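Heads up, the thing below is written out as structure tokens.
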Amino acid sequence: MKIKSLYKIFQHWSKNGSVYLYSDPHFGDLESYTFRGLTTNKTKEELDQFQVNNINKVVHKSDTIIFLGDIGDPSLLKKIKGYKVLITGNHDKGSSSYEEYFDEIYTGCLIISDKIILSHEPIENCPPFLFNIHGHDHSGADFKTYVLKDYDADMPCNEMFKNYLTCIKNYKLNKLNLCAEWINYTPVSLADIIKSGILTNISTIHRNYLDKIN
């Protein structure tokens, strides 16, 4: 499904398939897996394969998957389907180290539409005319503050992200954390994020400017 709201230069991502986002896999890092609460009686190879399998259940050959940084062992990318895009994170090496694994690589933040900015780290004081989709924050601060305020902590895993989007819309937040552990280790559809209505709370830069001068 073509996402017409993306700037033209990025519309090829959705020309033949869907666009998914995923952050902070930290492939090959057993310490990271332990920190994130995955069982420690499995090897890092088994945990890596768990993530790869989860990604490939969702992402198909004609789709695009955008990783928001902190890849870990990049060799695992060879097992993952789709057109691969990387926005480098603080644990990633120089972009030249990943050229054989990714089709596109960006450093820093990336504005892909009039309301969406992608980054690895959450953007502090993100302007009100942009919605920041990011990773990096393993604490899940927004999730804990808002979702666990409105929903039972024992909510089914398949409802976690849907409830997260609902809270972002209801509380008029302008950030979305896609660290793997906060999205049930399952890539998230960019189209679903847009269709959820969370961007309706984001004013355009033109509207924001007009409100300030009126």
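Quick note on the numbering used here: the sequence shown kicks off at 5 and runs consecutively.
Beta carbons are placed, not taken as given, at the ideal position from N, Cα and C, and that holds for glycine.
Because the structure is a prediction, the values reported are computed rather than measured.
Quick one: Cα of F165 to Cα of S99, how far? 30 Å
How far does the beta strand (DSSP E) with N162 in it reach, from first residue to last? Element bounds for N162: not the beta strand (DSSP E) but the alpha helix (DSSP H), C161 to N174.
Which term fits S162, buried or exposed, when burial requires 16 or more other beta carbons within 10 angstroms of its beta carbon? Per the sequence presented here, residue 162 reads as Asn, with Ser not at that position. The residue is exposed, with fewer than 16 neighbouring Cβ atoms inside 10 Å.
Report yes if the C-beta distance between V23 and I13 is below 8 Å; otherwise report no. no
Taking only the alpha-carbon atoms, compute the straight-line gap between N233 and D33 and give it to the nearest angstrom. Coverage of the chain is limited to positions 5 through 218, which leaves residue 233 absent and any answer about it impossible.
For a quick check, are the C-beta atoms of C130 and V151 less than 8 Å apart? Cβ distance not < 8 Å, so C130 and V151 don't count as in contact.
Can you look up L214 in the DSSP assignment and give me helix, strand or coil? Residue confidence for L214 is low, a pLDDT of 38 falling below 50, so the modelled location carries little weight and cannot support an answer.
Endpoints, the alpha helix (DSSP H) within which K199 is located: L194 to K199
Hey, would you say T149 sits closer than 8 Å to H124, going by beta carbons? no
According to DSSP, R103 sits in a beta bridge with which residue or residues? Note on residue identity: the sequence assigns Glu, not Arg, to residue 103. Per DSSP, none; premise fails for E103.
Excluding five sequence neighbours on each side, which residues of the same chain lie with their C-beta closer than 6 Å to the C-beta of D28? D74, G139, C183 and A184
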